[in-house]
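Residue numbers (the UniProt record's numbering), protein chains in the order written: chain A, 1 to 209; chain B, 1 to 209; chain C, 1 to 209; chain D, 1 to 209.
Don't be surprised by glycine CBs; every beta carbon is placed ideally from N, CA and C.
Quick caveat, the model's predicted, so the values are computed rather than measured.
Taking it in order: structure first as structure tokens, then the write-up.
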DNA sequence: GATGAATGAGTATTCATTCAT
DNA sequence: TATGAATGAATACTCATTCAT
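Next up, the structure:
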């Protein structure tokens with residue numbers, strides 16, 4: 001009596017998560033009811049709770065799904081860099097992915113909702129922290145490589161931990177401004193973000209620290 | 001004789017807002033019930049709704065109260081600078097105030113909650129945007145003065161609008177990390193924030209832009 | 001410390017009743033809040049409850065105000081008849097007054113509301129019954145005179161009590177149709193009501209009964 | 001397998017409607033709380049709102065339930081008449097049904113409440129109007145048949161539309177008196193109603209009109 | 001696996017009325 | 001006499017979750 005069709009199971013699971021992500025982005029975590037989600041996903045109440053033990057678990061699963069994408073991106077870039085590609089170019093790819101993601105208002109609203117909810121749901125906070133740690137680790141690796149290779153503008157004494165942390169601050173702030181400041185046009189800020197990160201890398205040498 | 005005792009009225013209003021801010025920070029905007037708030041404030045249901053037409057209005061009033069503090073700070077600093085004080089020092093005061101505010105987890109959780117709620121409450125979003133605009137305007141004034149006076153490190157061709165916007169990104173990101181990253185110790189990051197802003201001011205000359 | 005200006009007092013009392021009648025007709029007895037009424041009347045909460053001990057008393061006062069008008073009409077007609085005027089013509093005046101009153105939708109809705117409320121408020125029911133009894137008594141007097149004088153179409157053996165009661169049925173039914181049946185155009189039914197009452201008077205002779 | 005047990009579902013639905021009708025008759029539409037209704041019906045809050053989307057929908061469903069009974073009565077009578085039965089006798093059956101219904105004070109109070117509520121709830125008004133139209137149509141059919149067949153007392157030039165409308169006025173007025181006039185004993189007025197309707201049919205010939 | 005009927009605690013808000021000034 | 005701040009019980013409705021089929 002195991003899962004008859006694992007593919008169908010997985011597909012449905014993803015359909016629920018997609019629907020839930022949309023609902024949460026649209027209405028907020030609390031206002032998005034399980035009824036909204038199951039209607040949007042086209043499944044019954046029973047089915048929804050058959051796939052997930054509760055609403056919090058759905059939120060956590062959404063975070064995990066995003067985490068997979070982040071990890072796939074970082075793994076791909078790491079392979080490129082290992083094959084001789086530019087580490088700084090790879091870092092710029094990461095920033096571009098962030099900007100692209102932030103370009104969709106639904107994404108920023110979803111992130112904001114999950115962040116707010118995580119303040120009260122330590123399990124959700126753990127899932128988000130895991131993704132965050134993966135991103136930090138990925139950026140640290142790229143920064144370390146760039147420093148070791150003395151790629152253009154990279155100081156060999158770079159404090160990679162501090163630099164990655166502050167790139168994280170910039171990314172979070174970028175998301176926040178995208179969500180709240182109507183005058184903040186995401187697309188137009190791409191170049192400025194790249195420039196700031198470059199200057200940040202320059203100012204995080206061990207010496208300064 | 002419209003209000004019997006305006007002082008008492010105002011005091012009670014503030015007590016409600018303080019209690020509401022605490023509840024929202026603790027439990028989140030939705031989970032903080034009006035019953036929680038009125039209990040914490042020590043008023044009856046009727047009184048709560050006598051002072052505020054609804055929960056959304058309470059959130060907006062909290063934002064306005066914070067806005068007053070921001071404006072007072074900025075006005076004070078503007079007076080100092082007009083009296084010959086250093087504009088860059090004033091800007092550092094602003095950053096210190098941000099860091100001090102972020103040092104209390106309740107403040108960052110409250111900010112996160114209100115930001116998330118603003119995505120669905122356009123009135124609340126308007127109130128937040130007003131405060132934000134005041135902060136941006138204040139920082140632009142300080143940066144312009146610093147540039148005009150050629151204070152240490154300030155480029156006379158500084159793009160004050162872009163610089164202020166990105167300082168805003170850093171402030172928002174700083175708040176987010178404070179809320180979500182358990183490894184991000186607010187106090188220890190004060191110096192790094194100052195340094196980053198300094199480097200940001202350096203990299204925002206009109207020439208580069 | 002008696003009422004300083006009785007005229008002003010009375011005027012204000014009537015203003016409150018007019019406002020209350022309008023509110024109740026518009027929104028229904030329960031949905032019309034005392035706040036609605038005091039706002040419409042332009043008085044404060046305290047003043048409202050200074051003039052009336054409660055909402056039920058306001059409803060009863062509205063009924064009494066209407067009762068005064070009914071009594072004035074009947075007294076005037078009785079005087080005419082005593083002075084030699086036609087009793088049947090006076091009865092037709094009563095019917096015309098009913099039709100005119102029913103022509104304003106606000107009046108029919110108000111009557112419906114008060115009738116419904118009276119089912120649960122025995123004091124209000126008593127006030128309505130008093131008006132009703134006055135109307136019945138007035139119509140009985142007119143019918144008795146018409147019968148005694150053998151006015152056109154009036155049978156001397158007329159059962160005035162039964163006839164008056166059934167005219168009451170017709171009046172109530174007329175109000176109900178005016179309130180509920182959108183196809184029931186009050187003005188166009190005036191002649192039919194007169195005709196029906198005439199035929200009713202004819203069919204209520206003691207003989208038939 | 002949409003509804004597990006349709007019979008049980010329907011039974012429960014009717015139990016809720018019965019309980020609601022009783023509560024509304026007893027306390028009035030507004031004063032009858034959903035808690036009262038669910039308690040009287042013996043179901044939980046959730047179940048009540050699972051069966052009906054809201055209180056207004058319950059009122060509408062009560063009206064529809066009564067409408068079904070009216071239609072069944074009229075259909076049965078129409079069949080009798082088609083099979084050669086007297087149309088005027090059928091009409092008298094309708095009047096008797098009305099009198100029987102009005103004999104229960106709960107019925108008249110319920111009717112009054114729903115009428116008052118319909119003034120503010122256009123959906124409810126629509127449901128009531130539908131029933132009313134069915135009754136009018138049924139009576140018009142009976143009157144037309146009686147006229148065509150020249151049944152006792154029926155004028156072949158009878159204005160069936162006007163006659164039916166005024167029978168409606170009488171029925172509504174009869175209900176109102178039953179509700180408000182404590183001296184109006186429903187049972188004793190049955191014969192008088194029959195007589196009045198008979199005279200009304202006589203006075204509604206096309207010629208007079 | 002899939003369904004949807006059933007649950008009942010919880011929510012924001014309203015409202016008639018009181019009473020100190 | 002007039003005011004309006006204060007009250008708290010009451011209300012319709014929502015929602016995550018369970019479980020029998």
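Partners in chain B for residue 174(A), counting only beta-carbon separations shorter than 9 angstroms: Along the first chain, read from residue 1 onward, the residue named residue 174(A) stands at position 174. What residue 174(A) touches in chain B: 169, 172 and 173.
Test item: CB-CB of residue 256(B) and residue 91(B) under 7 angstroms: The shown model of chain B, from 1 to 209, leaves out residue 256(B), and the question about it has no answer.
Proximity test, Cβ basis, 7 angstroms: residue 28(C) and chain D: As a working note, residue 28(C) is residue 28 in the third chain. Residue 28(C) belongs to the set of residues whose beta carbon lies under 7 angstroms from a beta carbon in chain D.
Given 8 angstroms, three or more beta-carbon pairs between the region 9-26 of chain C and the region 50-60 of chain C: yes
Chain D contact for residue 177(C) (CB, 7 angstroms cutoff): For this step, residue 177(C) is matched to residue 177 along the third chain. Residue 177(C) counts as touching chain D.
N- and C-terminal bounds of the alpha helix (DSSP H) containing residue 49(D): Residue numbering aside, residue 49(D) sits at position 49 when the fourth chain is read from its first letter. Its alpha helix (DSSP H) spans residues 45-51.
Residue 199(B) versus residue 199(A) - alpha carbon distance: Working through the second chain from its first residue, we reach residue 199(B) at position 199. Working through the first chain from its first residue, we reach residue 199(A) at position 199. Those two C-alpha atoms are separated by around 7 angstroms.
Cβ-Cβ separation, residue 170(A) to residue 183(B) (assumed contact under 8 angstroms), whole Å: Counting from one through the second chain, the residue named residue 183(B) turns up at place 183. Counting from one through the first chain, the residue named residue 170(A) turns up at place 170. With 8 angstroms as the limit, residue 183(B) and residue 170(A) do not qualify as a contact, their Cβ atoms being about 17 angstroms apart.
Contact check, residue 107(D) vs residue 70(D), beta carbons under 7 angstroms: Here residue 107(D) refers to the residue found at position 107 when the fourth chain is read from its first residue. Here residue 70(D) refers to the residue found at position 70 when the fourth chain is read from its first residue. No, the Cβ-Cβ distance between residue 107(D) and residue 70(D) is not below 7 angstroms.
Sequence-distant residues of the same chain with beta carbon closer than 6 angstroms to residue 2(B), five excluded per side: Mapped onto the second chain, residue 2(B) falls at position 2. Low confidence applies to residue 2(B): its pLDDT is 49, below 50, so where it sits in the model is not reliable enough to give any reading.
Inter-residue Cα distance where the pair is residue 96(A) and residue 138(A): Along the first chain, read from residue 1 onward, the residue named residue 96(A) stands at position 96. Along the first chain, read from residue 1 onward, the residue named residue 138(A) stands at position 138. Rounded to the nearest angstrom, the two C-alpha atoms are 15 angstroms apart.
Beta-carbon proximity of residue 119(A) to residue 8(B), cut-off 7 angstroms: As a position in the first chain, residue 119(A) is number 119, starting the count at 1. As a position in the second chain, residue 8(B) is number 8, starting the count at 1. Not in contact: residue 119(A) and residue 8(B) (Cβ atoms no closer than 7 angstroms).
7 angstroms CB neighbourhood of residue 21(A) in its chain, flanking five on each side removed: Here the question's residue 21(A) lines up with position 21 in the first chain. 62 and 110.
Residue span of the alpha helix (DSSP H) that contains residue 136(C), given as start and end: Taking the third chain and counting its residues from 1, the one referred to as residue 136(C) is at position 136. Boundaries of the alpha helix (DSSP H) harbouring residue 136(C): 122-148, taken from the DSSP string.
Per-residue contacts from residue 112(A) into chain B (C-beta, under 7 angstroms): Counted from its first residue, the first chain places residue 112(A) at position 112. Residues of chain B passing the Cβ test: 115, 116 and 119.
Pair within 7 angstroms by beta-carbon distance, residue 102(C) and residue 175(C): Taking the first residue of the third chain as position 1, residue 102(C) is located at position 102. Taking the first residue of the third chain as position 1, residue 175(C) is located at position 175. Yes. Within cutoff.
Chain-order list of residues whose beta-carbon lies under 7 angstroms from that of residue 186(D) (same chain, five-residue window excluded): Start at 1 with the first residue of the fourth chain, and residue 186(D) comes out as number 186. Closer than 7 angstroms at the Cβ level, and outside the excluded window around residue 186(D), lie 99, 102, 103 and 178.
Cβ neighbour criterion (16 or more within 10 Å) applied to residue 145(C): The count along the third chain starts at 1 and reaches residue 145(C) at position 145. The residue is buried, with at least 16 neighbouring Cβ atoms inside 10 Å.
Cβ neighbour criterion (16 or more within 10 Å) applied to residue 11(D): Your numbering for residue 11(D) matches position 11 in the fourth chain. Answer is exposed; the Cβ neighbour count stays below 16.
Chain-ordered chain C contacts of residue 128(D) [CB-CB under 7 angstroms]: For the purposes of this step, residue 128(D) is taken as residue 128 along the fourth chain, with counting starting at 1. The answer, in chain order, is 180.
DSSP-derived helix/strand/coil call for residue 30(D): Taking the first residue of the fourth chain as 1, we reach residue 30(D) at position 30. Taken through DSSP and simplified to helix, strand or coil, residue 30(D) comes out as coil.
Environment of residue 35(A) [buried if 16+ CB atoms lie within 10 Å]: By one-based count along the first chain, residue 35(A) stands at place 35. By the beta-carbon neighbour count (other beta carbons within 10 angstroms, threshold 16), residue 35(A) is exposed.
Assumed close pair residue 168(B), residue 201(B) - CB separation to whole angstroms, cut-off 8 angstroms: On the second chain, position 168 is the one that residue 168(B) refers to. On the second chain, position 201 is the one that residue 201(B) refers to. Not confirmed; about 14 angstroms, so no contact.
Pairwise C-alpha distance: residue 59(A) and residue 126(A): Here residue 126(A) is taken as the residue at index 126 of the first chain, counted from 1. Here residue 59(A) is taken as the residue at index 59 of the first chain, counted from 1. Taking the straight line from one Cα to the other gives about 12 angstroms.
Spatial distance of residue 66(C) from residue 160(C) (CA atoms): By one-based count along the third chain, residue 66(C) stands at place 66. By one-based count along the third chain, residue 160(C) stands at place 160. The alpha-carbon atoms of residue 66(C) and residue 160(C) are separated by roughly 24 angstroms.
Coarse secondary structure for residue 186(B), derived from DSSP in three states: Taking the second chain and counting its residues from 1, the one referred to as residue 186(B) is at position 186. In this structure, residue 186(B) counts as coil in the three-state DSSP scheme.
Beta-carbon proximity list for residue 40(D), same chain, < 8 angstroms, skipping 5 on both sides: Translated into the one-based positions of the fourth chain, residue 40(D) becomes position 40. The residues are 19, 20, 22 and 23.
Residue 152(C) in three-state terms, based on DSSP: Sequence index remark: in the third chain, residue 152(C) carries index 152 (1-based). Coil at residue 152(C), not helix or strand.
For residue 106(B), the first and last residue of its enclosing alpha helix (DSSP H): Counting from 1 along the second chain, the entry for residue 106(B) is found at position 106. Residue 106(B) -> alpha helix (DSSP H) spans 105-118.
Contact under 7 angstroms by Cβ, residue 164(C) with residue 140(C): The residue labelled residue 164(C) in the question sits at position 164 within the third chain. The residue labelled residue 140(C) in the question sits at position 140 within the third chain. Yes.
Which listed residue (162(D), 135(D), 190(D) and 151(D)) has its alpha carbon closest to that of residue 68(D): The residue you call residue 68(D) lines up with position 68 of the fourth chain. Here the closest residue by C-alpha is 135(D).
Interface flag, residue 140(D) vs chain C, CB-CB below 7 angstroms: Indexing the fourth chain from 1 puts residue 140(D) at position 140. By this cut-off, residue 140(D) is not an interface position.
Contact under 7 angstroms by Cβ, residue 151(D) with residue 88(D): Along the fourth chain, one-based indexing puts residue 151(D) at 151. Along the fourth chain, one-based indexing puts residue 88(D) at 88. Yes.
Residue 197(C) versus 133(C), 94(C), 180(C) and 129(C), residue with shortest Cα-Cα distance: Start at 1 with the first residue of the third chain, and residue 197(C) comes out as number 197. Residue 197(C) has its Cα closest to that of 94(C), out of 133(C), 94(C), 180(C) and 129(C).
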